[in-house]
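Visitor: Position one of the sequence shown corresponds to residue 209 (our numbering), numbered consecutively onward.
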Amino acid sequence: MLAAHTASFLSLINTALEDISRGVASPHHLHNVRCGIENILSLLKYNNEVVEKADQLSRRAYDYVTYHDLVTSKTSDWTSGEDVDRLQAVREALAGFHSAVEHSQPNSRVRTLGLA
């Protein structure tokens with residue numbers, strides 16, 4: 209079971225991705241995704257799988273945000289096929305990260321911050 213604070217960061221990431229997919233423009237979306245990832249990682253014991261999944265999510269989010277912003281700013285007649293594929297890839301990466309986080313252990317910082 210995910211702790212409430214971890215679930216909140218995952219929700220922040222998901223909300224940023226959903227906003228992008230609906231066309232809500234903000235230069236902060238990618239920043240919010242990366243900060244959510246970093247905040248989660250800062251509360252977990254080091255785990256190679258979680259770090260790998262976090263890196264994959266960060267890269268896929270970057271690809272999606274960059275492509276989406278580029279395409280939507282250049283033309284209004286773009287086809288959404290590649291955009292949908294990139295969104296699916298970032299959603300899969302988020303699901304993989306979510307699963308890895310669920311199977312990891314909190315670090316001592318969680319207790320120190322009173323989150324346990």
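A virtual CB, placed ideally from N, CA and C, is assigned to each residue, including glycine.
Given a threshold of 16 other Cβ atoms within 10 Å of its Cβ, counted over all protein chains shown, does residue 311 qualify as buried or as exposed?
Guide: Exposed: under 16 other Cβ atoms inside 10 Å.
Visitor: Taking 7 Å as the cut-off, is the C-beta of residue 261 nearer than that to any heavy atom in the ligand HEM?
Guide: You won't find the ligand HEM in this model; it holds no ligand whatsoever.
Visitor: Under a three-way DSSP split, which group does residue 302 fall into?
Guide: Helix.
Visitor: If residue 199 sits next to residue 237, beta carbons under 8 Å apart, how far is it from one beta carbon to the other, in whole angstroms?
Guide: Past the boundaries of the shown model lies residue 199; the chain is included only from 209 to 324, so the question cannot be answered.
Visitor: Could you give the DSSP three-state label for residue 323: helix, strand or coil?
Guide: Coil.
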